[in-house]
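Visitor: Counting along the sequence shown from 1, when you hit position 264 you're at 255 in our numbering, and nothing is skipped either side.
We put the beta carbon where it would ideally sit given N, CA and C, even for glycine.
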Amino acid sequence: MQGFSTRLTTNSRLPALDLDGFVFGEIFSDHMFCMDYKDGAWRDGEIIPYGPIAMEPGSMVLHYAQMAFEGLKAFRGGDNVLRLFRPEQNARRLRESCERMCIPAIDEDLFIAAIEQLVDVDRGWVPDRAGHALYIRPLVFSTEPHLEVRPSRAFRFLVLTCPVGSYFDGDRSGLSLKVEEIFSRTASEGGVGACKTAANYATTFQSGSQSRSDGFDQVLWLDGAHHSYIEEAGLMNVFFKIDGTVVTPELNGAILPGVTRDSVITFLHDQAVRVEERQISIAEVVDAARQGSLEEIFATGTAASVAPVASLTFRSERLRPSEVLPGPVTNDLFERLTGIQYGRLPDPHQWTRIVSG
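(1) Give the straight-line distance between the Cα atoms of alanine 178 and serine 198, rounded to the nearest whole angstrom.
(2) Tell me the rounded alpha-carbon separation between alanine 298 and glycine -6.
(3) What residue range is occupied by the uninterrupted beta strand (DSSP E) comprising tyrosine 333?
(4) What residue range is occupied by the uninterrupted alpha helix (DSSP H) comprising valine 407?
(5) Tell whether a beta-carbon distance below 8 angstroms holds between tyrosine 192 and threonine 152.
(6) Do leucine 211 and glutamate 171 have their C-beta atoms closer together than 8 angstroms?
(7) Rounded to whole angstroms, what's the CA-CA distance from aspartate 205 to isoleucine 271? Just pull it up for me.
(8) Could you name the residues of the same chain whose beta carbon sits closer than 8 angstroms to that of arginine 83, not counting the 5 residues immediately before and after it, in chain order?
(9) Terminal residues of the continuous alpha helix (DSSP H) containing alanine 298?
(10) Going by alpha carbons, who is nearest to glutamine 209 out of Thr329, Glu79, Thr291?
(11) How should glutamine 273 be labelled, buried or exposed, when 16 other C-beta atoms within 10 angstroms of its C-beta is the threshold for buried?
(12) Which residue comes first and which comes last in the alpha helix (DSSP H) that contains isoleucine 103?
(13) Under a three-way DSSP split, which group does histidine 22 fall into?
(14) So what does tyrosine 28 bridge to, in DSSP terms?
(15) Give the straight-line distance between the Cα atoms of serine 167 and proline 136, rounded to the nearest whole angstrom.
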């Protein structure tokens, strides 16, 4: 694919970057990718200096939340090679989210080409430090200034990047989860839970903020219809190892189909570990914990990688897995995933994509 036009910044902020002095997602790199949809087509993609964008107050995204986004990372290995991890999966998921949100599809090859060129331009921003990476945030949103309740006719596609460390400050001692029985993340049927769209995240803020005030790291979400079946942990997919079998909620339209989730399931199959994707009730997990058969809990996501869970609080009862943290399966998955992402281990499924310089 032909390269995109590039306008470089004349005032790079890279020399002032302090990897010891920032939190996840607060510092953005020098450039961004921008492309507009108008007259029925995506046109004129370019890489420009990162900065404010002009939007009319009537832009439909501000009123009706017609948007979708993605999240992936670029990793710098010990060999100084930059790698993306399964970007075609993010391209496919964005296309599916756009379809659900009535947004014109972005060609998957164009999506990957834009990311590769942007990462190459800002390759100096990819941290050379263990556990660090360049987080990549593609997003597409409606821009037509109109208040009629209908799909927009104009859109903008942006890609931003920011250097990041560990989402949980490198803590491998385990997360604490609080089971949420009042609020719901999304509708159980017919909603947009399987899409990566802003509304799914805004609805978690109230419960998440309250749980942190109560001393927990994240919320364990249950289904919206009955508050009986487990869906996600915070913004992550969640897994339970019970009597040697790893169980995770099935993709039912209410759960985001995580790229890390799919990778972890593949790793488990590679190791002949029994995996079940099915409905799993909070009652089943509570009973397993009380009986001592709940061996491990872990959560997965692009930002968090594979994160061990130390405790699960249900109706004031704090339940803990029996294995010493991080559990052996959790730790093996973390080492396999990050080993491939940083180029330390072979890539048997050819999931990484090298960013040429």
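Guide: Answer, in terms of the structure:
(1) The count along the sequence shown starts at 1 and reaches residue 178 at position 187. The count along the sequence shown starts at 1 and reaches residue 198 at position 207. Rounded to the nearest angstrom, the two C-alpha atoms are 16 angstroms apart.
(2) Walking along the sequence shown from the start, residue 298 turns up at place 307. Walking along the sequence shown from the start, residue -6 turns up at place 3. So the alpha carbons of these two residues sit roughly 37 angstroms apart.
(3) Locating residue 333 in the sequence shown gives position 342, counting from the first residue. Where tyrosine 333 is concerned, there is no enclosing beta strand (DSSP E), given that its DSSP letter is neither H nor E.
(4) With the chain covering only -8 through 348, there is no way to say anything about residue 407.
(5) Within the sequence shown, numbered from 1, the residue matching residue 192 stands at position 201. Within the sequence shown, numbered from 1, the residue matching residue 152 stands at position 161. Contact: no.
(6) Translated into the one-based positions of the sequence shown, residue 211 becomes position 220. Translated into the one-based positions of the sequence shown, residue 171 becomes position 180. Going by C-beta atoms, leucine 211 is nearer than 8 angstroms to glutamate 171.
(7) In the sequence shown, counting from the first residue as 1, residue 205 sits at position 214. In the sequence shown, counting from the first residue as 1, residue 271 sits at position 280. Approximately 26 angstroms, taken between the alpha carbons.
(8) Sequence index remark: in the sequence shown, residue 83 carries index 92 (1-based). Within the same chain, arginine 83 has close Cβ partners Glu99.
(9) Within the sequence shown, residue 298 is the residue found at index 307, counting from 1. From DSSP, alanine 298 is part of no alpha helix (DSSP H) but of the beta strand (DSSP E) over 296 to 305.
(10) To locate residue 209, count along the sequence shown from 1; it is residue 218. Ranking the options by Cα distance to glutamine 209, first place goes to Thr291.
(11) Against the sequence shown, residue 273 aligns to sequence position 282. For clarity, residue 273 is isoleucine in the given sequence; the question names glutamine instead. Classification of isoleucine 273: buried, given that the 10 Å Cβ count is 16 or more.
(12) Within the sequence shown, numbered from 1, the residue matching residue 103 stands at position 112. 99 to 112 is the span of the alpha helix (DSSP H), which, as asked, contains isoleucine 103.
(13) Your numbering for residue 22 matches position 31 in the sequence shown. Three-state DSSP puts histidine 22 in a strand.
(14) Counted from its first residue, the sequence shown places residue 28 at position 37. DSSP output for tyrosine 28 lists Trp33, Phe146 as bridge partner(s).
(15) Translated into positions along the sequence shown, residue 167 becomes position 176. Translated into positions along the sequence shown, residue 136 becomes position 145. Each residue's Cα considered, the two are about 43 angstroms apart.
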